[in-house]
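Enquirer: Position 47 (the sequence shown) corresponds to 47 in the working numbering; numbering is contiguous. Cβ atoms here follow ideal geometry from the backbone N, Cα and C, with glycine treated the same way.
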Amino acid sequence: MKSYSKHGIKDFVICLGYKGYVIKEYFFNYYRHTADLEINLRTGEASVLNTQAEDWTITLIDTGQDTMTGGRVKRVRQYLGEETFCLTYGDGLSDIDISREISFHREHGKLATVAAVQPPGRFGVLNLGKDSNVASFEEKPQDEIGWINGGFFVLEPPALDYIEGDDTSFERAPLANLAKDGQLMAFQHHGFWQPCDTLRDKRELQALWDAGSAPWKA
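1) Comparing C-alpha positions only, which one of 62, 57, 114, 31 sits nearest to residue 50?
2) Starting from residue 163, follow the alpha helix (DSSP H) in both directions and report where the run begins and ends.
3) Is the separation between the beta-carbon of residue 115 and that of residue 96 shorter than 7 Å?
4) For a quick check, are the C-beta atoms of residue 157 and residue 70 less than 7 Å apart?
5) Grab me the residues of residue 99's own chain with a C-beta within less than 8 Å of its C-beta, minus the 5 sequence neighbours each way, in chain order.
6) For the ligand MG, I want to know if residue 73 counts as a neighbour, meaning its beta carbon is within less than 6 Å of at least one of the ligand's heavy atoms.
7) Which residues in the same chain have their Cβ closer than 7 Å to the Cβ of residue 214, if we skip the five residues on either side of it in sequence?
8) Can you say whether residue 154 is buried or exposed, counting buried as having 16 or more other CB atoms within 10 angstroms of its CB?
9) Restricting to Cα atoms, I'd like to know which of 68, 29, 108, 197 is closest to residue 150.
10) Give every residue of the same chain whose Cβ lies closer than 8 Å to the Cβ of residue 25, excluding the five residues on either side of it in the sequence, and list them in chain order.
11) Nearest CA to the CA of residue 60: which residue from 33, 80, 188, 92?
12) Measuring alpha carbon to alpha carbon, tell me which residue in 120, 160, 188, 82 is nearest residue 112.
13) Closer than 8 Å by C-beta to residue 18: which residues in its own chain qualify, once you throw out the five before and the five after it? Chain order, please.
14) Is DSSP giving residue 150 helix, strand or coil here?
15) Run through DSSP, which three-state label would residue 23 get?
16) I'd like the span of the beta strand (DSSP E) that includes residue 187, first residue to last.
17) Please confirm whether residue 166 and residue 67 have their CB atoms less than 7 Å apart.
18) Confirm, please, whether the CB-CB distance from residue 218 to residue 2 is below 7 Å.
19) I'd like to check one pair, residue 152 with residue 88: are the Cβ atoms closer than 7 Å?
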């Protein structure tokens with residue numbers, strides 16, 4: 001969210017699912033987490049002494065525990081208005097230039113833009129010599145992996161008409177049909193991108209953060 005805020009986006013809609021109440025409680029008690037407080041134990045009154053709270057508006061909507069990605073977005077349609085909007089899964093970190101992606105989207109005039117990224121190589125390449133000895137070991141270059149869906153979208157409201165219901169995964173039929181209709185464009189991002197899907201991913205990203213070298217930090 002701070003990455004988007006850096007590009008002037010201050011209004012957010014969060015599609016809540018499993019343990020959504022935890023996210024609600026976090027934002028409802030945001031000052032308790034981020035500010036210095038003065039509390040009168042006799043009256044229960046609390047005063048905020050200082051805060052660096054962001055100038056954001058956050059809409060928290062329960063979209064169902066088992067609803068798929070497309071269904072979640074469909075459920076919050078009424079809160080999105082009729083303007084161009086951004087969409088992300090929230091489980092990938094990147095230093096993508098959101099402003100440039102939005103400009104790219106507006107220039108081509110299609111319904112949808114997806115950030116195309118090249119994932120980091122997870123497996124090394126063994127170059128074998130005679131008698132099965134390893135002649136060399138190399139990390140697989142990113143440019144040999146190809147482009148994948150990076151999970152950062154810019155969309156026009158009519159793009160949501162491609163979503164049928166709660167059982168629809170946005171990254172499957174809707175994107176496939178948008179592409180089939182010539183309404184999906186790719187914004188190529190050549191910088192940092194990494195998912196946080198596994199404990200290994202989490203540890204790698206945490207190590208970058210702790211070392212002060214997190215490319216996605218806003």
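Expert: Considering the structure as presented:
1) Within the sequence shown, numbered from 1, the residue matching residue 50 stands at position 50. Closest option to residue 50, Cα to Cα, is 31.
2) Numbered from its first residue, the sequence shown carries residue 163 at position 163. Run containing residue 163: none; DSSP gives neither H nor E here.
3) Along the sequence shown, one-based indexing puts residue 115 at 115. Along the sequence shown, one-based indexing puts residue 96 at 96. Yes. Within cutoff.
4) Position 157 of the sequence shown, counted from the first residue, corresponds to residue 157. Position 70 of the sequence shown, counted from the first residue, corresponds to residue 70. No, Cβ-Cβ distance for residue 157 and residue 70 is not below 7 Å.
5) Here the question's residue 99 lines up with position 99 in the sequence shown. Excluding residues within five positions, the ones whose Cβ falls inside 8 Å are 7, 8.
6) Summarising the ligand content, the structure contains no ligands, and the ligand MG is consequently not present.
7) If you number the sequence shown from 1, residue 214 lands on position 214. 208, listed in sequence order.
8) Start at 1 with the first residue of the sequence shown, and residue 154 comes out as number 154. Buried.
9) Looking up residue 150 in the sequence shown gives position 150. Nearest of 68, 29, 108, 197 to residue 150, Cα basis: 197.
10) To locate residue 25, count along the sequence shown from 1; it is residue 25. There are no such residues.
11) Locating residue 60 in the sequence shown gives position 60, where the first residue counts as 1. Closest option to residue 60, Cα to Cα, is 80.
12) As a working mapping, residue 112 is identified with position 112 in the sequence shown. Closest by alpha carbon: 160.
13) Start at 1 with the first residue of the sequence shown, and residue 18 comes out as number 18. Around residue 18: 65.
14) Reading the sequence shown from its first residue, position 150 is the one you call residue 150. Reduced to three states, the DSSP call for residue 150 is strand.
15) Reading the sequence shown from its first residue, position 23 is the one you call residue 23. Reduced to three states, the DSSP call for residue 23 is helix.
16) Residue 187 sits at position 187 when you count from the first residue of the sequence shown. Here the beta strand (DSSP E) through residue 187 covers 184 to 188.
17) Position 166 of the sequence shown, counting from 1, holds the residue named residue 166. Position 67 of the sequence shown, counting from 1, holds the residue named residue 67. Closer than 7 Å, so yes.
18) Stepping through the sequence shown from its first residue, residue 2 is reached at position 2. Stepping through the sequence shown from its first residue, residue 218 is reached at position 218. Yes, the pair counts as a contact, with Cβ atoms nearer than the cut-off.
19) Locating residue 88 in the sequence shown gives position 88, where the first residue counts as 1. Locating residue 152 in the sequence shown gives position 152, where the first residue counts as 1. Yes. Within cutoff.
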